[in-house]
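**Q** For the sequence shown, position 36 matches number 36 in this note's numbering, and the numbering has no gaps at all.
Using N, Cα and C, we set each Cβ at its ideal position, and we do this for glycine too.
Note that the structure is a prediction, hence the values are computed from the model and not measured.
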Amino acid sequence: MNATKTRPVETTEVAPTPHRAAAGPRRTWNPSKIGVNTLLIITAAYTFLPLAWTALAAFKNAGAIQTGDVFSLNGFDPIGNVAMIWDYHDGVYLRWFVNSLLYAGVGAGLGALICVAAGYAFDKYHFWGKDKLFGLVLLGVLVPQAATTLPLYLLASKADLVNTYWAVLIPSLVNPFGVYLARVFASGYVPDEALEAGRIDGAGELRMFWNLGLPMLGSGYTTILLYQFSAIWNGFYLSLVMLTDRDLFPVSLGIYELNTSLPSEGPQFLPVVMLGSLIAVLPLVIIFISLQRFWKAGLTAGSVK
1 MNATKTRPVE
11 TTEVAPTPHR
21 AAAGPRRTWN
31 PSKIGVNTLL
41 IITAAYTFLP
51 LAWTALAAFK
61 NAGAIQTGDV
71 FSLNGFDPIG
81 NVAMIWDYHD
91 GVYLRWFVNS
101 LLYAGVGAGL
111 GALICVAAGY
121 AFDKYHFWGK
131 DKLFGLVLLG
141 VLVPQAATTL
151 PLYLLASKAD
161 LVNTYWAVLI
171 PSLVNPFGVY
181 LARVFASGYV
191 PDEALEAGRI
201 DGAGELRMFW
211 NLGLPMLGSG
221 YTTILLYQFS
231 AIWNGFYLSL
241 VMLTDRDLFP
251 VSLGIYELNT
261 SLPSEGPQFL
271 PVVMLGSLIA
281 VLPLVIIFIS
291 LQRFWKAGLT
301 AGSVK
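1. Determine, using beta-carbon pairs with one atom in the segment 51-61 and one in the segment 197-217, whether at least three such pairs fall under 8 Å.
2. Quick check on F236: does DSSP put it in helix, strand or coil?
3. Write down every uninterrupted run of the alpha helix (DSSP H) in the segment 168-198 whose length is 4 residues or greater and which is fully enclosed by it, in chain order.
4. Whose CA, out of G111, I232, D247, V179, lies closest to the CA of G135?
5. Can L253 and S239 be called in contact, C-beta distance under 8 Å?
6. Quickly, what does DSSP pair K60 with across the bridge? List them, please.
7. Would you call the segment 262-272 in contact with the segment 101-112, where contact means no fewer than 3 C-beta pairs closer than 8 Å?
8. Is the beta carbon of M242 less than 8 Å from the beta carbon of V168?
9. Is the shortest distance between the beta-carbon of D69 and the beta-carbons of chain B less than 8 Å?
10. Whole angstroms is fine: what's the gap from N175's alpha carbon to G220's?
11. Within 10 angstroms of its Cβ, does W210 collect 16 or more other Cβ (buried), or is it exposed?
12. Would you mind sorting P171 into buried or exposed? The rule is 16 or more other CB atoms within 10 Å of its CB.
13. Less than 8 Å between the C-beta atoms of A203 and V116, yes or no?
14. Indicate, with yes or no, if the ligand FMN has a heavy atom lying under 7 Å from the CB of Y256.
15. Let me confirm a value: L150 is counted as buried when at least 16 other C-beta atoms fall within 10 Å, else exposed. Which label applies?
16. Within 10 angstroms of the Cβ of A118, are there 16 or more other Cβ atoms? Answer buried if so, exposed if not.
17. Kindly indicate the opening and closing residues of the alpha helix (DSSP H) around Y165.
18. Just to confirm, is the Cβ distance from E257 to F269 under 8 Å?
19. When DSSP labels each residue in this structure, what does S32 get in the three-state scheme?
20. Quick one: using the 10 Å Cβ neighbour count with 16 as the cut-off for buried, is I287 buried or exposed?
21. Which residues mark the beginning and the end of the alpha helix (DSSP H) in which L253 is found?
22. At the level of alpha carbons, what is the spacing between A121 and A147?
23. Between which two residues does the alpha helix (DSSP H) harbouring W96 extend?
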């Protein structure tokens, strides 16, 4: 028997290759993204610069405001400006501010309640002419306020309400868009089963609305309240047509009247205009920040429905 010789198998060692670090995502320049960001920056600057100018000019003296020297450190006189706006025409600015709080607070509070009640009724009850009546409400949304101001003035003059608080308060209670928005909230937030359970327990319709429907519509009420408060506070044309007594002016009309009287009264009252404009913004900022939780919830619900 022949012995077979086995040749050893030659093995070659392969050198380990170094692990390459995983390359991160390559940054690519997206022209559309750059364009959008540039547009956002320009829009933010366009919005912020007038606010910054107003905030700084409110604490400058008249000379700095006239020369446009607002963004420098010269000409600051906050104490003098506050004293000037407090003493202007025996504190008439404070009266304008209180008037605006009255018009916007009462008008928005009662107006939002009326809108919620009307929207609740349109959604939960069936009555003759319901769709046609709601169509008229939607038609009111399409009519601009300026188109109805003069007819309202004629009606107010017939009722001897011109140049009174009621001439501004009563029209402020009407908000067709608020009725539409309240109906949307009622359809999504107030289940019919809860109302049926209330009827079985013997609750009346008014009690069911007050104890069941209104608490469920809290976010909707707050949303309508904020919209209406902002609209009344910034409203100008209705007050301009209805009011001639300076003591009844809201702050928006008062600042306008003060600004138009600068040529006759003198430019030394420019700080009153600027500081008054800054103070007039504060209530809107405060109410939006304090109620933003309900406001955001209301906007989300409205967009989903």
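**A** Based on what the coordinates show:
1. no
2. Working through the sequence shown from its first residue, we reach residue 236 at position 236. Residue state, collapsed to three classes: coil.
3. 176-189
4. Indexing the sequence shown from 1 puts residue 135 at position 135. Of G111, I232, D247, V179, the residue nearest in Cα terms is V179.
5. Position 253 of the sequence shown, counting from 1, holds the residue named residue 253. Position 239 of the sequence shown, counting from 1, holds the residue named residue 239. Yes. Within cutoff.
6. Sequence index remark: in the sequence shown, residue 60 carries index 60 (1-based). F76.
7. no
8. Working through the sequence shown from its first residue, we reach residue 242 at position 242. Working through the sequence shown from its first residue, we reach residue 168 at position 168. Going by C-beta atoms, M242 is nearer than 8 Å to V168.
9. Absence of chain B from the displayed structure is noted, only one protein chain being present.
10. Residue numbering aside, residue 175 sits at position 175 when the sequence shown is read from its first letter. Residue numbering aside, residue 220 sits at position 220 when the sequence shown is read from its first letter. In a straight line, the C-alpha of N175 is about 14 Å away from that of G220.
11. Here residue 210 corresponds to residue number 210 of the sequence shown, with the count starting at 1. Under a 10 Å Cβ-count criterion, W210 is classified as exposed, with fewer than 16 other Cβ atoms of the shown protein chains found around its own Cβ.
12. Start at 1 with the first residue of the sequence shown, and residue 171 comes out as number 171. By the 10 Å Cβ count, P171 comes out buried.
13. Mapped onto the sequence shown, residue 203 falls at position 203. Mapped onto the sequence shown, residue 116 falls at position 116. The answer is no: Cβ separation not under 8 Å.
14. This structure lacks the ligand FMN, and indeed carries no ligand of any kind.
15. The residue you call residue 150 lines up with position 150 of the sequence shown. Exposed, since its Cβ has fewer than 16 Cβ neighbours within 10 Å.
16. In the sequence shown, the residue the question calls residue 118 occupies position 118. By the 10 Å Cβ count, A118 comes out buried.
17. In the sequence shown, counting from the first residue as 1, residue 165 sits at position 165. For Y165, there is no enclosing alpha helix (DSSP H), as DSSP marks it with neither H nor E.
18. As a position in the sequence shown, residue 257 is number 257, starting the count at 1. As a position in the sequence shown, residue 269 is number 269, starting the count at 1. Not in contact: E257 and F269 (Cβ atoms no closer than 8 Å).
19. As a working mapping, residue 32 is identified with position 32 in the sequence shown. The answer is helix: DSSP assigns S32 an H, G or I state.
20. Translated into positions along the sequence shown, residue 287 becomes position 287. Buried: at least 16 other Cβ atoms inside 10 Å.
21. As a working mapping, residue 253 is identified with position 253 in the sequence shown. That run of the alpha helix (DSSP H) goes 251-260.
22. Position 121 of the sequence shown, counting from 1, holds the residue named residue 121. Position 147 of the sequence shown, counting from 1, holds the residue named residue 147. Distance between the alpha carbons of A121 and A147: 28 Å.
23. In the sequence shown, counting from the first residue as 1, residue 96 sits at position 96. 92-124 is the span of the alpha helix (DSSP H), which, as asked, contains W96.
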